[in-house]
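Trainee: Residue numbers (this note's numbering): 107 to 221. All residues carry an ideal CB built from backbone N, CA and C; glycine is no exception. Keep in mind the model is a prediction, meaning the values are calculated, not measured. First the structure, then my questions, so here it is.
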């Protein structure tokens with residue numbers, strides 16, 4: 107899980123987060139982001155908050171890796187909930203593991219400015 111204290115108020119959206127994720131995996135594979143296979147993109151909810159999951163594939167040290175990366179973007183923060191498996195396909199086992207991780211993720215209410 108990766109947490110950043112910057113969110114939608116700073117212009118962060120799903121397209122931006124997807125581009126960052128694809129840039130990172132492309133860099134690790136020595137290729138360009140447009141060469142990273144996107145297997146699926148799903149709108150979901152995590153802890154009653156809107157979220158988006160992208161499933162994509164890459165190579166690390168010549169090993170095939172499939173990533174499930176869920177983004178929860180709030181006004182003042184963004185969380186990436188990431189699981190991965192060394193494989194070429196998004197397996198049912200990986201899907202279930204990611205779903206369990208998401209089901210056990212909880213958020214506290216965002217603090218509001220009292221001014």
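Would residue 193 and residue 174 be called neighbours here (beta carbons separated by less than 7 Å)?
Mentor: Mapped onto the chain shown, residue 193 falls at position 87. Mapped onto the chain shown, residue 174 falls at position 68. Result no, Cβ atoms of residue 193 and residue 174 do not sit closer than 7 Å.
Trainee: Applying the criterion that 16 or more other CB atoms from any shown protein chain within 10 Å of the CB defines a buried residue, is residue 133 buried or exposed?
Mentor: For the purposes of this step, residue 133 is identified with residue 27 of the chain shown, where counting begins at 1. With fewer than 16 Cβ atoms within 10 Å of its Cβ, residue 133 is classed as exposed.
Trainee: So, for residue 162: in the same chain, excluding its five sequence neighbours on each side, which residues have a beta-carbon less than 8 Å away from its beta-carbon?
Mentor: Taking the first residue of the chain shown as 1, we reach residue 162 at position 56. Taken in chain order, the residues that qualify are 127, 128, 131, 142, 143, 144, 145, 172, 173 and 175.
Trainee: Pick helix, strand or coil for residue 242, following the three-state DSSP scheme.
Mentor: The requested residue 242 does not occur in the structure, where the chain is confined to residues 107 to 221.
Trainee: Per DSSP, what kind of secondary structure is residue 167 in: helix, strand or coil?
Mentor: As a first step, residue 167 must be located in the chain shown, where it is residue number 61. Residue state, collapsed to three classes: coil.
Trainee: Can the beta-carbon of residue 103 be found closer than 7 Å to that of residue 109?
Mentor: Here the chain has residues from 107 to 221 only, and residue 103 is not among them.
Trainee: Considering only the beta carbon of each residue, do residue 184 and residue 118 sit closer than 7 Å?
Mentor: Taking the first residue of the chain shown as 1, we reach residue 184 at position 78. Taking the first residue of the chain shown as 1, we reach residue 118 at position 12. Yes, they are a contact pair.
Trainee: Can you grab the Cα-Cα spacing for the pair residue 203 / residue 160, in whole Å?
Mentor: Residue mapping note: residue 203 aligns to position 97 of the chain shown, counting from 1. Residue mapping note: residue 160 aligns to position 54 of the chain shown, counting from 1. Residue 203 and residue 160: Cα-Cα distance of roughly 15 Å.
Trainee: Using only CA atoms, which one of 120, 179 and 115 lies nearest to residue 155?
Mentor: On the chain shown, residue 155 is found 49 positions in, with the first residue counted as 1. When each option's Cα is compared against that of residue 155, the closest is 179.
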